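Residue numbers (this note's numbering), protein chains in the order written: chain E, -5 to 299; chain X, 94 to 410.
Ideal Cβ positions, reconstructed from N, Cα and C, are used throughout, including at glycine.
Since we're looking at a predicted model, the values are computed, not measured.
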Amino acid sequence: MAESTSTQAANPPVAGTAAPVLPSVRKVRRNDTLRRLAKNELAVAGGIILALVMLAAIFAPYLSPEDPLEMNPTLLLQPPSAAYLLGTDEFGRDILSRVIWGARISLYVGAISVTIAVLVGVTLGLIAGYFGGLIDDLIARVLDVVFAFPTILLALGIVGMLGPSLTNTMIAIGIVYTPVYARLARATTLAVKERDFVDAAIVCGANSFRIILRHILPNVAAPLIIQTSLSLSLAILAEASLSFLGLGTQPPDPSWGTMVNTGQRLIELSPWPVVFPGLAIVLAVLAFNLIGDGLRDALDPRMRS
Amino acid sequence: MTRYLIRRAILVVPVLFGVSVAVFLMLRLIPGDVVDVILGTEGSASPERMAQLRAMFGLDRPFHEQYLSWIGGLLTGDLGKSIRTSRPILPDILTRLPVTLQLTAMAMGLSLCFALPLGVLSAVRRHTRSDLWIRVLGLIGLSIPNFWLATMMILAASTYARGILPTSGFTPMSQDVLGNVRSLLLPSIALAVANMAILMRMTRSSMLEVLRQEYVTTARSKGLVERAVVYRHALRNALIPVATIAGVQIGYLLGGAIIVEQIFALPGVGTLILNGIMQRDYPVVQAGVLFVSACFVMVNLAVDVLYAYLDPRIHYG
């Protein structure tokens, strides 16, 4: 799935075509974007699903009917019932509670790893695009190499070497998605830095740091927001995949991927420990994809008629 | 044309070099070093034994020397030996690579078979109910993790369709061609779905773009039937960006193949890498990652070359 973003990044909607961002213009534009987003039924559906997943993550201790780690040897592999809405797993743990707590891990890993990718990637991209020359070449070559690896393979390699753990998973996913942001930021910077308001800022004596931060970064924002929504969906999938392989979140912590992994060994006895965490992954990822699509339609100037 | 091809091929060299350095550096990520890991599983170790092993792996030599001897071995076809089995790694990879490549190729073939017609349909009937359904299905396809889909397919095949399709193991093509395809059918579907969704979305947006072009209006105004306009004039041009994405997606499929192979117990490079990770057999992991990535780089080169043939607008200056 990973490469899907790089394809979108290869063709970034250039938000730099907009005027230099004045506060009032910014506000008007934001309202405009929100209105367009609200009219998009699919994006609204995504927003609702995401809100539910986030509520589950935030209020997990209050929402989950049971302790997600508490084992009950008398109730192993129960099918869904009134007492256990989604059934129990091979240790008699309540699947519903584990799925609710799993939302916390998924969103947490997604948020941290995408933050790593955004911070490192955007910084590199801004520097490469603004200064150009040797720095640009150097950064581009390094990114080419990272891009030359299939993403999940690179993440696997990094986690395999660092050792399986939640922290290493976040580092690996962060590294893997860094180049997408760097390319996106670089492409937009190149387009924006030729514009008159940047020249004006230079004439006014602003230093490079200020120009990048105040004048270029705001114009990189739109494509970055779209990309971030899509990256979050990919990061959640990546965490689930690594955990499924036993390399991400470690048991007994309730990660959706880990739950599918342990459940599949006994799937012929009871499919529920596999079915529900999997559906949770699909819903969470779908939410970000729906929102990402909606954002692209709302923010991409080429889609406006 | 030849000059373009040569230039494009030369560009691959620094990337491959970078990939080899990155894979080499991966080994340095291990907390401690390889020797600690091996001896850690063997129990107590004398300092002499540790020094002896470090010398065996060349860890006592300077960094660049280690890299040069490693890459030297690579270029002469020596990928080193497995820490666990002491067997040379290259023959293992070469017998497993065809399985991974066949799985990837079948998944790509399946994806294209469905993605192109659905994408065209969706674009031609944009903003209708069928377009909406195709788009929603595409988004769902994009959101299903391949490992879960694979697991659910195994469950379905073993409960409702027992014996119709094998859910684990691999039949070599030399043994039984039909059995070979059957043994890879479920794995390739599990691998293909997300890719199918991506290619379909790309086909749709590319078609929409092309259908707006003036030459399409021209084709319509000279009285061509809509069918000819869509397939002869529009689709051909719309396929060019789709081909690029398909090339990039091969990397995704190669990566996904690692996971899917594991679930269906297929003897590909993926299971080799994963077992290597589980057993902390670092040279095997290194070699596997390097090989799959090199395949990806070469496939992208091939796509670029193909692209140059397909698109008459590209100049081979």
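Check                                                                                                                         : Outcome
DSSP-derived helix/strand/coil call for E:T82                                                                                 : strand
Buried or exposed by the 16-neighbour rule on C-beta atoms within 10 Å, applied to E:D131                                     : exposed
Short Cβ contact (8 Å threshold) for E:I89 with E:P267                                                                        : yes
Cβ of E:G168 within 8 Å of any chain X Cβ                                                                                     : no
Local Cβ density within 10 Å of E:G257, reported as buried at 16 or more and exposed below that                               : buried
CB of X:Q379 within 8 Å of CB of X:M119, strictly                                                                             : yes
Endpoints, the alpha helix (DSSP H) within which X:F156 is located                                                            : 156 to 168
Classification of E:I146 by the beta-carbon crowding that lies within 10 angstroms, buried from 16 upward                     : buried
CB contact flag (E:A372, E:A50, <8 Å)                                                                                         : Coverage of chain E is limited to positions -5 through 299, which leaves residue 372 of chain E absent and any answer about it impossible.
Between the CA atoms of E:P173 and X:L183 - distance to the nearest angstrom                                                  : 31 Å
E:V214 versus X:R154: straight-line alpha-carbon distance, rounded                                                            : 46 Å
Nearest candidate by alpha-carbon position, reference E:T161, set E:Y102, E:N201, E:V136                                      : E:Y102
Three-way DSSP call (helix, strand, coil) for X:M391 in this model                                                            : helix
Closest residue to X:F389 among X:I343, X:W226, X:R305, X:L209 (Cα-Cα distance)                                               : X:I343
Contact list for E:T161 against chain X, beta-carbon separation under 8 Å                                                     : Near E:T161 there are no residues of chain X at all, since even the closest Cβ is about 12 Å away, more than 8 Å.
Cβ-based burial, E:S235 [other Cβ within 10 Å; buried from 16]                                                                : buried
Cutoff 8 Å: X:L122 Cβ touching any chain E Cβ                                                                                 : yes
Short-range partners of chain E found in the stretch 218 to 242 of chain X, where Cβ spacing is below 9 Å                     : L225, R228, V229, L232, I233, L235, S236, I237, P238, N239, F240, W241, L242
Chain E residues whose Cβ lies nearer than 8 Å to that of X:T244                                                              : V254, Q258, I261, V268, G272
Contact set between E:P265 and chain X, taken where Cβ atoms lie within less than 7 Å                                         : L248
At least three beta-carbon pairs within less than 8 Å, the stretch 300 to 320 of chain X to the stretch 274 to 291 of chain X : no
is_contact[E:R180, chain X] using C-beta, thresh 8 Å                                                                          : no
Any chain X beta carbon closer than 8 Å to E:G154                                                                             : yes
Chain X within 8 Å of E:P144, Cβ atoms only                                                                                   : yes
Other residues of its chain near E:L156: CB distance less than 8 Å, five sequence neighbours each side excluded               : N162, I165, A166
Three CB pairs or more closer than 8 Å across the stretch 296 to 307 of chain X and the stretch 270 to 281 of chain X         : no
E:G199: first and last residue of the uninterrupted alpha helix (DSSP H) it sits in                                           : Note, E:G199: premise wrong, no alpha helix (DSSP H); not H, not E.
Assigned secondary structure, E:K33 (DSSP; H/G/I helix, E/B strand, else coil)                                                : helix
Chain-ordered residues of the stretch 378 to 392 of chain X with a beta carbon less than 7 Å from chain E                     : V378, V382, V385, S386, F389, V390
Minimum Cβ-Cβ distance from E:R177 to chain X less than 8 Å                                                                   : no
The stretch 266 to 283 of chain E contacting the stretch 78 to 94 of chain E, beta-carbon criterion three pairs below 8 Å     : yes
Contact belief for X:V398 with X:R101 at Cβ below 8 Å, rounded distance in angstroms                                          : 7 Å
Rounded separation between X:A336 and X:A144 - CA only                                                                        : 53 Å
Cα-Cα separation between E:L321 and E:A274, rounded to whole angstroms                                                        : The requested residue 321 of chain E does not occur in the structure, where chain E is confined to residues -5 to 299.
Option in X:M245, X:I333, X:P280 with minimal Cα separation from E:P271                                                       : X:M245
Interface flag, X:S281 vs chain E, CB-CB below 8 Å                                                                            : no
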